[in-house]
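The numbering of the sequence shown is UniProt numbering, which starts it at 1 and goes up by one.
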Amino acid sequence: MSSVRTALLQSLIERYLLLALALASNIALARLLTPEEIGIYSVSLAILGVAQVFRDFGIGSYLIQSRELDEEKTGTAFAISLLLGTLLFATLFLVAPIVSKYYGDKRITDTIRICAINFIALPFSTVPMAVLRRELQFKKTMHASIIGGATGALTSTGLAWAGVGVNSLALGAMLGNLALVGALAIAAPKRCFPKPKLTYWRAVLAFGGQTSLTGAITSISMDMNDLVVGKTLGFQPVAILSRAQGLMNMFNRDLMAAIRNVALPAFAETHRKGTDLGRPYAHAVALVTVFGWPFHALIAIYSLEVLHLLYGVQWLSAAPLVPLFSLAGAVTAVNALTPNLLTAIGRVDLTTRVEVLVQTIRMALIAGAAVIFRSIEACAIAFMLSSVIAAPVFGWVRERALGGGGQALRQGLAKSAVVTLACATPALIHVSLVGWGHQQPIAVWAWLSVCALGALAALAASHLVGHPLEQEPHILKLKSRLRGGLARRGPEQGHQ
C-alpha cells in the first residue's frame, strides 16, 4: 500500500507540474491567439480525438491488467500500435482537406496534418509508459512527461508570440510528443522497447476492440460541443464553450488523469491477489470527491473571477456556462474511477455497454440542443443533464461488479459533502454580499482570501466528521509534527 501511495504522490506531482505548465501556456495563448483561432484548434482536436482512441486501442490498459507480462505481449502491443498509428496518420493526412471544406476554413487542413504526425511518434511511448505504470515506476514517467510537457508549452507559446497563429498549438503538441519519446528512450529500461511481434494479436484485438468502441463513443460525445457547435454556430462560440468546459476539465481530466494512472494498476494488483475491492474503491472515491467537489463549487461561484484571472477580458462571456459544467463535473467525480475498476477486474465488457448507453444519450442531447436551440447555453445544459443521467447507470454497474461496498461509499460521499459545504459557505456569503449579478470581476486578493478561508473551514470540517482523508499516512504524519511542535512551544513559553 505504501508503494501505491508513493506512486500516487509522484503521479500527482507530475500532473500538478504539467497543469502548471499548461496553465501558464494557456494564460499566454489566450492573449496571443484569437477565440476564432483557438476554436479552429478545438475542432481539429475533436476530429483527432476519435482517431486517438483507435491509435491507443486500449493497449496500455491491456498491458497493465494482464496477469503476466512477457516480451511476446509487449512486442505484440508495440507492433499493433505502430500499424494503427501509421494507418491513422495516412488516413488523417488524406481526409484533412475534406474536413476543412466541411467546416469552411482551409486552416484546418494544415492543423490536422501537423497533429497527425503524432500518430507515428506515439507508438514509441505507449508500451514503455504502460510497463512503467504497471510496475508503479511513476518517477520515471514523471520526468519524461514533464520534459514533453515543457517542450510543448514553450514551443506553442513561442510560436504564437512569433505570429505563427493556430498552427503554433499543433507544432507545440508535435514537438512535445517527440520530446516525450526521447526522454523515455533514455529513462526506460531496454525491455520497454521490444521488437515488433504478432504472437498475441488475437488477445490484443479482442481487448482493444471493446475499449476502442467505448473510447470512440466517449470521445465523440465529450467533443460533441466542438463538432456540432463548430458547424452550426461557428468557431468563436466553440472557443467560448470549450473555455468554460476547460475549467471543469482541470480537475476531471487533467488532475484525475494522475489518479487514474495509479488507480488502474493498483486495482488490478489488488484483484490479482484476490482481495475485495469494495472498501479500497470507496476510500478512493472519498478522496477524489473531497478535493473535486470543493474545486467545482469554488469555480462555479467565482466563475467570472477565475476566467478573468486566467484568460483575460475576452473570455468573460463563458462565465454563465461554468456553473453548469461544474455541476456536471461534480456528478461525474463520483464515478470517475468506475471504468478503471471494471477494467482492473477484467469486466471491460460492462464498461463498453454502459459507455455506449450514456455517451449515446449525451451525443443526442448535445446535438439536439445545438440544432434546435442554436445556443451554447443549451449545449451546456444538455452536457450537464447527460452527466446527471449517467450517474445512476454507472452506480448500478459498479454495484453489480463489486457485489458490495455501497454503504462505505455512501458514508464517504456524505462526509465529502459536509467538507464541500464548509468550503463553499464563505464564498457564497461573499458573493451574496457583492451581488450575484455583478458584471465586473471581484478583486483578486479578495476572492482568493475567501477561498483560503474556505480551505481552512474544509480542513476543520474534515477533522470533525472523520473523513477518510484524515487516515492517510501523510496527513497523520503532518498532524503528528504539528502536535509535536505545539508541545515543544508550550514548555518554552512557560519557561519564558
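Cβ atoms here follow ideal geometry from the backbone N, Cα and C, with glycine treated the same way.
Check: Proximity winner among Q137, I240, H296, relative to A380 (alpha-carbon distances); Outcome: I240
Check: Nonlocal neighbours in the same chain, by C-beta distance under 7 Å from I114, ignoring five residues either side; Outcome: N167, A170, L171, M174
Check: Among T352, F291, I366, nearest to P413 - alpha-carbon criterion; Outcome: One detail in the question is off: residue 413 reads as Leu in this sequence, not Pro. When only C-alpha atoms are compared, the closest one is F291.
Check: Meets three-Cβ-pair contact criterion under 8 Å: the stretch 372-390 and the stretch 341-350; Outcome: no
Check: Beta carbon of K73 nearer than 8 Å to that of Y200; Outcome: yes
Check: Sequence-distant residues of its chain with Cβ nearer than 7 Å to G152 (five each side left out); Outcome: G172, A173, L175, G176
Check: Cβ neighbours of S196 in the same chain (closer than 7 Å, five flanking residues each side left out); Outcome: Note that residue 196 corresponds to Pro in the displayed sequence, not to Ser. Taken in chain order, the residues that qualify are G75, F78, A79, L82.
Check: Residue range of the unbroken alpha helix (DSSP H) whose run includes H308; Outcome: 303-311
Check: Heavy atom of the ligand COA within 7 Å of R243 beta-carbon; Outcome: Although the ligand COA was asked about, the structure shown includes no ligands whatsoever.
Check: Pair within 8 Å by beta-carbon distance, A424 and I259; Outcome: no
Check: Rounded distance between the beta-carbons of F235 and H296, thought under 8 Å; Outcome: So it is not a contact: roughly 27 Å between Cβ atoms.
Check: M248: first and last residue of the uninterrupted alpha helix (DSSP H) it sits in; Outcome: 235-249
Check: Of the listed residues R353, V356, M384, A364, nearest to P323 (C-alpha basis); Outcome: M384
Check: Span separating the alpha-carbon of S2 from that of R253; Outcome: Caution applies to S2, whose pLDDT of 49 falls short of 50 and renders its modelled position unreliable; the model cannot decide the point.
Check: C-beta atoms of G278 and L469 nearer than 8 Å; Outcome: no
Check: Three-state secondary structure assigned by DSSP to S2; Outcome: Its pLDDT being 49, under 50, S2 is placed unreliably in this model, and the value from its coordinates should be taken loosely. The answer is helix: DSSP assigns S2 an H, G or I state.
Check: Distance, T289 Cα to L132 Cα; Outcome: 27 Å
Check: For A160 and G60, believed in contact at Cβ under 8 Å, the rounded distance; Outcome: 31 Å between Cβ atoms; not a contact.
Check: Complete runs of the beta strand (DSSP E) confined to the stretch 411-456 [at least 3 residues]; Outcome: none
Check: The alpha helix (DSSP H) enclosing A90, as first and last residue numbers; Outcome: 71-103
Check: Where L12 sits in the DSSP three-state scheme; Outcome: helix
Check: Contact under 8 Å by Cβ, I108 with Y311; Outcome: no
Check: Close beta carbons around I98, own chain, < 7 Å, minus the five adjacent residues each side; Outcome: none
Check: First through last residue of the alpha helix (DSSP H) which encompasses A391; Outcome: 376-402
Check: First and last residue of the uninterrupted alpha helix (DSSP H) at R107; Outcome: 107-116
Check: Beta-carbon proximity of A150 to L180, cut-off 8 Å; Outcome: no
Check: Residue interval of the alpha helix (DSSP H) (run including R347); Outcome: Here R347 belongs to no alpha helix (DSSP H), and DSSP marks it neither H nor E.
Check: S387 vs L365 beta-carbon contact at 8 Å; Outcome: no
Check: Nearest to L309 (by Cα), restricted to the options Y41, R134, W445; Outcome: W445
Check: Beta-carbon gap between P265 and R134 smaller than 8 Å; Outcome: yes
Check: Cβ distance (whole Å) where A391 is taken to contact V331 below 8 Å; Outcome: 5 Å
Check: T111 versus G148, D56, I47, residue with shortest Cα-Cα distance; Outcome: I47
Check: Secondary structure of K477, DSSP reduced to three states; Outcome: helix
Check: CA-to-CA distance, L8 to P473, given in whole angstroms; Outcome: 13 Å
Check: Contacting residues, own chain, Cβ-Cβ under 6 Å from M256 (five flanking each side not counted); Outcome: A336
Check: Contacting residues, own chain, Cβ-Cβ under 6 Å from L29 (five flanking each side not counted); Outcome: A160
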